[in-house]
Every structure is written in structure tokens, then in C-alpha cells.
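Read through the structure below, which is laid out as C-alpha cells, and then see the notes.
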Amino acid sequence: MFPDRKFSSLKRGALLASAIALALAALPAASRAEVREMRLRAGTSQSDQHPDYLGFKKFAELVSEKSGGKIKISVAPGATLGTDVQMQANLQAGTQDFMSGSPVTMAGQIPEVSVLDLPYVFRSTEEYDKLMDGVVGARFNELMAQKGWIGLGFTNNGFRETTTKTKPITKWEDFQGLKIRAIQNPMYLELFSTLGANPTPLPVSEIYTALETGTVEAQENPLPQIVFMRLFEVQKYLSLTNHSLNSVVMLVGKPTWEKLNDDEKKIISEAAREVTLYKRDLVKSKTGEWLESVKKAGVTVNEISPAERERFAEKVKPVVEKFSAQVGKDFSDMYFSELKKIQSGAN
């Protein structure tokens, strides 16, 4: 008896469909029809030698690789697309796709970000990384999403240090009367005022000239900025005050994110996670090298003794308390509770 031709045909069709489905499932996401060709833009205010830029270049390479070359990302360094605040607005408007910058510059829209840079809170960069990989980072992602930004990962550029022209900083009293450039952020301005300094808010692009002309005699930044902005040419001392951690966040604008399908979002998310880990390792591995380059340039480097660091922390405690209170008790309690768990080894 011959088999039913119709049944055989249907069976063969079903088997063929199954084979195709299995083959498609085995293919990388880049080869699937769901991933479309697109050109996206990323920006950072840092130079093309800075970890923020290098991280973005790595991100662009990974996205291109994972998408089979379909998704291309151009990266603009040196504030080409604007300051951090301007780029944040670009992302909200959909005129720019990605950026990397300091979360503290979002304080006007998200007051809670101020706690990230509070002085003498973190003892190591590892504490920060663990905190931002947990419920605290998740909460910040929720707050950013409400304002039109999707968080792709938190990194840092190490601790902020102080450079001066006339004398090193060895104790908090050395800040008294010092004309220092500070971030245009209420917490930083109050921090240096509390130490007795005269903080002057200036954009990053004006720091070198301000130091060169004597408009200010000191500034504070993490080592990558000090090195790549060549501030060692106009400063004589580098004091490792480690007064706050320089947090960084990588963002994609919500308008861009909502245009992506699930496969494209997966590619972006996976690449971003890889780059987050890459950049954290990069900063840690390069810190010693950056420090040596400053010394070779003729700058005198000094550390702050543990006893003096405790005196610094005690002096600026009112700043920590004031800005912690401003973000609300619930958020502040959650933030410091999670940090305490990490510092006690509970996490």
C-alpha cells in the first residue's frame, strides 16, 4: 500500500520547517532578520585617551561584532556633542543615542545622585562596584528611566585627588583660603567651603587656563583627568586626598531604546555589561601607571596619613549628613544600609 501523498507532503513540510527553525535558533543574533542596519551616535566629554572614550570604543566594537556589522556606533570625544548636561538633554530629545558621564551632573533632575560622590563614604572602588551592581544601582536605573535615560552600567574613574601650585595638602587645614576649581554642584561647593577653601565653579574645558593664569591655584579630579588634561604642566603638587569617588554612568536615551526590538536590545545590553567590567579593570590596572607619569613630569606626590584622613572625614561629616537628608530618609537609609552590608562583608 502506497503512503498517502498528501500526508507525506505535509510531513516533509513540517520536518523542513522544524529544520529551518532549528537552524535559525543556532544562528547568532546578528544573522537573524530581526537585527536591522542602523547608525548610532555616542559621546563623552573626555579625551580620546581617557577610559570613558576607550570604553565606548570597545562598546562600539562589541556591538558591531554581535550584530554582524549591522549596528554601527560612532564615538565623539572631548565634549564634541556637548557637556554632560547638554548630552543628557540630547538623549532625552532623541538627537543623540549614547553618552558616558558623571551621574552627579543629573542632580538637577535626580537629586538622589548626589549621594554617589559624598566625601569619605567609600573605602575602595570595589565597594562602589558591588553597590551599583545591586539594588542601589537598580533603583538609580528606575529613577533615570523616569527622566528619559536607560542605564547601561556604572563604572568609576577612581578617587578624586587634589592638585595645587604652592603647597601640598597634608591636613584639612591646608585647604583654608585656597582658591580651588570645583564642579558646579551644590555638594562639591559646600564640601570645599566646609574645608575653608574658596571654591570656584568652572567647566572642565576652562580648568587648564584657569590654573595657568592664576584664576584658581588648585583643582580636584581623578587621575585620568589629571593626566590626560596635562594638568601636571601647571601644578606642582598632587595630594592623594581620596575625598570622593568619581562615579560614571553609561546611558542610552529612552527614545533610542524604544525604537530597538528585543534582539537589538539584547545586543546592546550584553555589550554594555562586558564593557562595564572591561572599564572597571582598565582603571584599576592603569592607576599605577598614571601616578608614575605624573611623578615623571616633576610633580611632587604625597599621601594623606590614615589619622589625617579620619580628621578629614570628621570635618566634612555635616556635608554628608546634609545631602543625605536632602534625598529623603527612605532612599538615604536604603543606600547606606546596602553600603554597610558590603563594608561588613555581608554581601
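Residue numbering for the sequence shown follows my numbering, beginning at 158 and increasing consecutively.
Using N, Cα and C, we set each Cβ at its ideal position, and we do this for glycine too.
Rounded to a whole number of angstroms, what is the C-alpha to C-alpha distance between residue i and residue j?
{"i": "Ala-178", "j": "Gly-265", "result": "Residue placement at Ala-178 is poorly supported in this model, since its pLDDT is 42, which falls under 50; the coordinates still yield a value, given next. In a straight line, the C-alpha of Ala-178 is about 50 Å away from that of Gly-265."}
{"i": "Leu-238", "j": "Lys-336", "result": "30 Å"}
{"i": "Leu-496", "j": "Gly-235", "result": "33 Å"}
{"i": "Lys-474", "j": "Glu-415", "result": "42 Å"}
{"i": "Arg-430", "j": "Thr-323", "result": "43 Å"}
{"i": "Gly-371", "j": "Ser-442", "result": "34 Å"}
{"i": "Met-386", "j": "Val-456", "result": "14 Å"}
{"i": "Thr-327", "j": "Gly-291", "result": "35 Å"}
{"i": "Pro-356", "j": "Glu-421", "result": "45 Å"}
{"i": "Glu-299", "j": "Val-384", "result": "34 Å"}
{"i": "Pro-208", "j": "Leu-388", "result": "17 Å"}
{"i": "Gln-492", "j": "Gly-502", "result": "Contrary to the premise, residue 492 reads as Tyr rather than Gln in this sequence. The straight-line gap from Cα to Cα measures roughly 16 Å."}
{"i": "Ser-350", "j": "Ser-426", "result": "41 Å"}
{"i": "Lys-143", "j": "Ile-267", "result": "Look at the range of the chain in this structure, 158 to 504, and you will see that residue 143 is not part of it."}
{"i": "Ser-462", "j": "Val-278", "result": "17 Å"}
{"i": "Glu-478", "j": "Leu-434", "result": "32 Å"}
{"i": "Tyr-345", "j": "Val-476", "result": "9 Å"}
{"i": "Ser-481", "j": "Leu-275", "result": "9 Å"}
{"i": "Glu-283", "j": "Asn-378", "result": "19 Å"}
{"i": "Trp-306", "j": "Val-192", "result": "22 Å"}
{"i": "Phe-469", "j": "Ile-424", "result": "44 Å"}
{"i": "Asn-313", "j": "Leu-402", "result": "7 Å"}
Where does residue i fall in DSSP's three states?
{"i": "Gly-485", "result": "coil"}
{"i": "Phe-255", "result": "strand"}
{"i": "Val-247", "result": "One detail in the question is off: residue 247 reads as Asn in this sequence, not Val. Of the three classes helix, strand and coil, the one that applies to Asn-247 here is helix, per DSSP."}
{"i": "Ala-199", "result": "strand"}
{"i": "Tyr-435", "result": "helix"}
{"i": "Ser-494", "result": "helix"}
{"i": "Gln-500", "result": "helix"}
{"i": "Thr-127", "result": "The displayed coordinates of the chain run from 158 to 504. Any statement about residue 127 would go beyond what the structure contains."}
{"i": "Arg-387", "result": "coil"}
{"i": "Thr-444", "result": "helix"}
{"i": "Phe-469", "result": "helix"}
{"i": "Thr-539", "result": "There is no way to answer for residue 539, as the model of the chain reaches only from 158 to 504."}
{"i": "Phe-311", "result": "strand"}
{"i": "Ala-264", "result": "coil"}
{"i": "Val-278", "result": "coil"}
{"i": "Asp-205", "result": "coil"}
{"i": "Leu-238", "result": "coil"}
{"i": "Val-462", "result": "The displayed chain sequence assigns Ser, not Val, to residue 462. DSSP places Ser-462 in coil when its eight states are reduced to three."}
{"i": "Gln-156", "result": "No answer is possible for residue 156: the residues shown for the chain start at 158 and end at 504."}
{"i": "Arg-193", "result": "coil"}
{"i": "Lys-328", "result": "coil"}
Between which two residues does the alpha helix (DSSP H) containing residue i stretch?
{"i": "Trp-414", "result": "411-416"}
{"i": "Ile-364", "result": "364-370"}
{"i": "Lys-223", "result": "208-223"}
{"i": "Lys-287", "result": "282-289"}
What are the boundary residues of the beta strand (DSSP E) that residue i is part of?
{"i": "Glu-377", "result": "375-379"}
{"i": "Lys-227", "result": "Here Lys-227 belongs to no beta strand (DSSP E), and DSSP marks it neither H nor E."}
Take residue i as the anchor and find which of the options has the nearest alpha-carbon.
{"i": "Gly-294", "options": "Ser-404, Lys-441, Pro-412", "result": "Ser-404"}
{"i": "Gln-253", "options": "Val-432, Thr-413, Asp-419", "result": "Thr-413"}
{"i": "Met-256", "options": "Asp-205, Tyr-210, Phe-469", "result": "Tyr-210"}
{"i": "Thr-444", "options": "Gly-315, Phe-279, Val-278, Glu-191", "result": "Gly-315"}
{"i": "Leu-380", "options": "Leu-408, Leu-395, Val-432, Asp-290", "result": "Leu-395"}
{"i": "Asn-247", "options": "Pro-463, Tyr-345, Glu-465, Lys-411", "result": "Lys-411"}
{"i": "Val-270", "options": "Met-289, Gly-502, Thr-357, Glu-347", "result": "Met-289"}
{"i": "Glu-390", "options": "His-400, Thr-366, Leu-397, Asn-342", "result": "Thr-366"}
{"i": "Lys-436", "options": "Lys-486, Phe-216, Leu-448", "result": "Phe-216"}
{"i": "Phe-311", "options": "Asp-438, Glu-449, Trp-447", "result": "Asp-438"}
{"i": "Lys-393", "options": "Asp-241, Val-458, Asp-487", "result": "Val-458"}
{"i": "Ser-221", "options": "Arg-196, Gln-483, Lys-287, Glu-471", "result": "Arg-196"}
{"i": "Gly-579", "options": "Glu-377, Asp-490, Leu-408", "result": "Nothing about residue 579 can be reported from this structure: the residues present for the chain run from 158 to 504 only."}
{"i": "Gln-483", "options": "Lys-453, Val-272, Gln-333, Gly-334", "result": "Val-272"}
{"i": "Val-451", "options": "Ser-204, Thr-320, Lys-223", "result": "Thr-320"}
{"i": "Pro-358", "options": "Phe-213, Thr-201, Ile-340", "result": "Ile-340"}
{"i": "Glu-363", "options": "Gly-353, Ala-354, Leu-352, Gln-376", "result": "Gln-376"}
{"i": "Gly-417", "options": "Arg-468, Ser-224, Trp-329, Phe-469", "result": "The sequence shown places Leu at residue 417, rather than the Gly named in the question. Closest by alpha carbon: Ser-224."}
{"i": "Met-244", "options": "Ala-428, Gly-200, Pro-276", "result": "Gly-200"}
{"i": "Trp-329", "options": "Leu-348, Lys-498, Leu-368, Asp-241", "result": "Leu-348"}
{"i": "Ser-489", "options": "Phe-297, Met-263, Arg-280", "result": "Phe-297"}
{"i": "Leu-219", "options": "Asp-487, Glu-446, Ala-428, Glu-460", "result": "Ala-428"}
Could you pull the DSSP bridge partners for residue i from this structure?
{"i": "Phe-316", "result": "Leu-402"}
{"i": "Thr-457", "result": "Tyr-394"}
{"i": "Arg-338", "result": "Thr-357, Gln-376"}
{"i": "Trp-306", "result": "Gly-410"}
{"i": "Ala-506", "result": "It is not possible to answer for residue 506, since the shown part of the chain is limited to 158 through 504."}
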